[in-house]
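Q: Taking the working numbering, I'd label the letters of the sequence shown as residues 16 to 210.
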Amino acid sequence: MFIAFEGLDGSGSSTQSRLLADRLEKNGMPTLLTKEPTSDTPIGKMIREILQHKWSASPEGLQLLFSADRAEHLKNEIEPALEGGQAVITDRYLFSTLAYGGMNVDMEWLKGLNKNFRLPDITFLFKLDPEECIERIAGRGSHFELFERTDKLAKIWENYERIAEEFPNIQVIDASKSIEEISEEIWNLVRDALY
């Protein structure tokens, strides 16, 4: 099973992806937990530096890097794990490219770039008010990245809503609930799909 976690920065997808991976492992399902952009590849490192304002790229150039990173991610990690019988959970994937990239780049062009990539069996899309996302990010004490402003996050969420209407197997999760409530909701949906 291939599961993606999506949502605005600060909405809790990283926390919940870790919790689900732990729970699957405890229930006997070997699981690969991964993320995009990748952190240990040259392309992923370039993307991270752009997001952290260390250097700049054109909007199109950045999205080409995301797609290249995804192609390598699929070839070297995701597909081998799935073929080996593991569940794969990725914290961000294709729909992040469409939602975030679609702010500055034509959405149809982005869909074309990514049309040959495998779609997840389930995508959990975390819905949280952009102001609350910014508060959570600030609470971490980390620097704000490229897209982490309330006005930008509001536009990105609009893109996510359109994506949720267009693509199958997207479960919208109310990310304002407690960590435990969200974890249980996700576990119930995954358990139903697996068993």
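From the three backbone atoms N, C-alpha and C, an ideal C-beta is built for every residue, glycine too.
Please classify LEU47: does DSSP put it in a helix, a strand, or coil?
A: Strand, per DSSP.
Q: Would you tell me roughly how many angstroms separate the C-alpha atoms of GLY116 and PHE81, rounded to the nearest one?
A: Between GLY116 and PHE81, the C-alpha separation is close to 9 angstroms.
Q: Give the list of continuous beta strand (DSSP E) stretches no shorter than 3 residues that lie fully inside the segment 104–159.
A: Runs of the beta strand (DSSP E) inside the segment 104–159: 137–142.
Q: Compute the distance between the beta-carbons of SER26 and PHE141, then report whether it is under 8 angstroms.
A: Going by C-beta atoms, SER26 is nearer than 8 angstroms to PHE141.
Q: Please state if the CB of GLU92 and the CB of ILE58 are separated by a distance shorter than 8 angstroms.
A: Against a cut-off of 8 angstroms, the Cβ pair of GLU92 and ILE58 comes out as no contact.
Q: Beta-carbon within less than 6 angstroms of ALA72's beta-carbon, same chain only, minus the 5 sequence neighbours each way: which residues are those?
A: Counting only Cβ-Cβ distances below 6 angstroms, and skipping sequence neighbours, we find ILE65.
Q: Measuring only the C-alpha atoms, how far is SER193 from GLU200?
A: Taking the straight line joining both Cα atoms gives about 11 angstroms.
Q: In terms of residue numbering, what span does the alpha helix (DSSP H) encompassing PHE81 cover?
A: Element bounds for PHE81: 74–88.
Q: How far does the beta strand (DSSP E) with GLU21 in it extend, from its first residue to its last?
A: From DSSP, the beta strand (DSSP E) with GLU21 extends over 17–22.
Q: Leaving out the 5 sequence neighbours to the left and right, which residues in its chain are closer than 7 angstroms to LYS50 when beta-carbon positions are compared?
A: Around LYS50: THR105, ASP106, ARG107.
Q: Where DSSP assigns a beta bridge to ILE185, which residues make up the other side?
A: BP columns for ILE185 point to THR138.
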